[in-house]
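Numbering of the sequence shown is given in our numbering, commencing with residue 102 and proceeding in unit increments.
For every residue, glycine included, the Cβ atom is placed at its ideal position computed from N, Cα and C.
All figures in this text were calculated on a predicted structure; none of them were measured in a lab.
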Amino acid sequence: MGRAKNEVNLMEGSIAKGMFSFAIPMFLGQLLQQLYNLADAWVVGNFADNDAFAAVSSAGSLTFLIVGFFNGIGIGGGVVISRYFGAGNKEYVERSVHTNVLFGLIASVLSTIVGLLFVPQLLVWMKTPPSVLPESLTYFRIYFAGVATVILYNICMSIMRALGDSMHPLYYLIFSSILNVVLDLLFVAVFHWGVGGAAIATVIAQGLSTLLCIFRMCKSTGYMHLDFRKLKWHKGIMGEVIRQGLPTGIQNSVISIGNMVVQTNINLFGSYAMSGYGAYAKIEGFVFLPITSMSMTLPTFISQNLGARKYERAKKGALFGILSGVVMAELFGLLFFAGAPYALRLFVDTPEAVAFGEIQAKTVSLFFFLLAFSHCAAGVLRGCGKSIVPMITMLLFWCGVRVTYVTQAVKLIPEFQTISFAYPLTWSLSSIVFLVFLLKSDWTHYYEKHR
Numbered sequence: 102m103g104r105a106k107n108e109v110n111l112m113e114g115s116i117a118k119g120m121f122s123f124a125i126p127m128f129l130g131q132l133l134q135q136l137y138n139l140a141d142a143w144v145v146g147n148f149a150d151n152d153a154f155a156a157v158s159s160a161g162s163l164t165f166l167i168v169g170f171f172n173g174i175g176i177g178g179g180v181v182i183s184r185y186f187g188a189g190n191k192e193y194v195e196r197s198v199h200t201n202v203l204f205g206l207i208a209s210v211l212s213t214i215v216g217l218l219f220v221p222q223l224l225v226w227m228k229t230p231p232s233v234l235p236e237s238l239t240y241f242r243i244y245f246a247g248v249a250t251v252i253l254y255n256i257c258m259s260i261m262r263a264l265g266d267s268m269h270p271l272y273y274l275i276f277s278s279i280l281n282v283v284l285d286l287l288f289v290a291v292f293h294w295g296v297g298g299a300a301i302a303t304v305i306a307q308g309l310s311t312l313l314c315i316f317r318m319c320k321s322t323g324y325m326h327l328d329f330r331k332l333k334w335h336k337g338i339m340g341e342v343i344r345q346g347l348p349t350g351i352q353n354s355v356i357s358i359g360n361m362v363v364q365t366n367i368n369l370f371g372s373y374a375m376s377g378y379g380a381y382a383k384i385e386g387f388v389f390l391p392i393t394s395m396s397m398t399l400p401t402f403i404s405q406n407l408g409a410r411k412y413e414r415a416k417k418g419a420l421f422g423i424l425s426g427v428v429m430a431e432l433f434g435l436l437f438f439a440g441a442p443y444a445l446r447l448f449v450d451t452p453e454a455v456a457f458g459e460i461q462a463k464t465v466s467l468f469f470f471l472l473a474f475s476h477c478a479a480g481v482l483r484g485c486g487k488s489i490v491p492m493i494t495m496l497l498f499w500c501g502v503r504v505t506y507v508t509q510a511v512k513l514i515p516e517f518q519t520i521s522f523a524y525p526l527t528w529s530l531s532s533i534v535f536l537v538f539l540l541k542s543d544w545t546h547y548y549e550k551h552r
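The following block contains the structure:
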């Protein structure tokens, strides 16, 4: 089977070299995304008013509630494509690619309708301050009017990565991130369009990077070739995509709701707690990038090798990926534990806020290995077709148990650290379940048995 220059062969050669060659571009892309998010917040924070900054900085959980659902299904599409690619079935890869793109178009329309109709009420339910509400409405109306650019971009990236190409998504992310910052400066700092300018910049930058993805796919002569005349709803393939991706989509949306509940309890401890926890979350986002990249590599690696019936290689790759993630997580956790006060001051300089952030960091950082294990194990299970297991496990522990614990435990022990303990507790419970499934189930043959 022909392989383009930028595609990594995950089915032959060194497992370690293949996985790291695939994961490193994703790590660089995510690092760039984190740096862009900081730059975006800096532009709005420095060239618009405080209400505009509050509107943009609080947008993440609400956008992920809707977009994360469809992106989760897109992940399922990547797993299906990887499996047919590993089996060398070009006809079914072609069908899967066109079915996924058609799904992306439909999901874009649905997300636009849902976002424009329901987000205003959600903002009220979230008790958005009256001074911030007009800015939030402006931002979300523009964002969801152009949400097709975000969804189609993620669908196209998922297709490329499923076929072993993690470099072009990196190139397009570099382009969109730089363009976004430039447009932010132009629209917010020069034209003074405020939060509306930030939203327009996001839609334009994301839209152009989506066009680059589509252009590459249309010009490709290999497995990822896209021909809009061949867009068709292949019922059987879409059924596979939904079976693989719907659990992840539901998981993304429900966990984001759980995180909002936890944030509500953090808010009860005041603005310093909010700032300290926010600073911790920013640092954790950077610290965990290598582990996230490995957990995103595992579904593609596992799915491709199971499609090629290389069961032992899939097992060895799963073991290597999980161990790599766990070791990296604990090393970074130890460094974070030791350097938390200094790292937190990069984002907050108030001693009271730093103190709250340090409580969070020193309570959870030594348990990062559990978080890494859960993410990597979930990646393995998604790659073999058992996506329902990560969904149920994470919804049960990361949403149900976490929310129940936080809301009840804070009443008994009204201290900030009580909330912090929710994370190692729920990471431990999910890790136990994942370990049992990996050791006790024949996950390498699950897909064949349930076709």
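With H, G and I counted as helix, E and B as strand and the rest as coil, what does DSSP make of residue 285?
In this structure, residue 285 counts as helix in the three-state DSSP scheme.
Whole runs of the alpha helix (DSSP H) within the region 231-269, excluding any shorter than 4 residues
Within the region 231-269, the complete alpha helix (DSSP H) runs of at least 4 residues are 234-246 and 248-263.
Distance CB(residue 509)-CB(residue 460) smaller than 8 angstroms:
By the CB criterion at 8 angstroms, residue 509 and residue 460 fall outside the cutoff.
Does the pairing of the region 444-460 with the region 475-484 give three or more beta-carbon distances under 8 angstroms?
At 8 angstroms Cβ cutoff, the stretches do not touch.
Those runs of the beta strand (DSSP E) which lie wholly inside the region 318-394 and span at least 3 residues
Given a length threshold of 3 residues, the region 318-394 has no whole run of the beta strand (DSSP E) inside it.
Meets three-Cβ-pair contact criterion under 8 angstroms: the region 284-291 and the region 299-310:
As far as the Cβ criterion goes, the region 284-291 touches the region 299-310, which means the pair count is three or higher.
Between which two residues does the alpha helix (DSSP H) harbouring residue 196 extend?
191-226 is the extent of the alpha helix (DSSP H) around residue 196.
Exposure label - residue 420; buried when at least 16 CB within 10 Å:
The residue is exposed, with fewer than 16 neighbouring Cβ atoms inside 10 Å.
Just to confirm before moving on: does the CB-CB distance between residue 411 and residue 120 stay below 8 angstroms?
Not in contact: residue 411 and residue 120 (Cβ atoms no closer than 8 angstroms).
What residues in its chain sit with their C-beta under 8 angstroms from that of residue 343, if we drop five residues either side in the sequence?
For residue 343, where only same-chain residues beyond five positions count, the Cβ hits under 8 angstroms are 174 and 177.
Quick check: the Cα distance between residue 130 and residue 274, rounded to an integer number of angstroms?
A direct Cα-Cα distance of roughly 6 angstroms separates residue 130 from residue 274.
Backbone CA spacing between residue 259 and residue 179 [nearest angstrom]:
Looking at the two C-alpha atoms, the distance is approximately 5 angstroms.
Taking the alpha carbon of residue 324 as the reference point, which residue from 263, 272 and 132 has its own alpha carbon closest?
Scanning 263, 272 and 132 for the CA closest to the CA of residue 324 turns up 263.
Between the C-alpha atoms of residue 532 and residue 181, what's the straight-line distance to the nearest angstrom?
When rounded, the distance between both Cα atoms is 26 angstroms.
Residue interval of the alpha helix (DSSP H) (run including residue 512)
Segment 503-513, the alpha helix (DSSP H) holding residue 512.
How many Å lie between residue 407 and residue 546 at the Cα?
Approximately 8 angstroms, taken between the alpha carbons.
What would DSSP say about residue 271, mapped onto helix, strand or coil?
It is helical.
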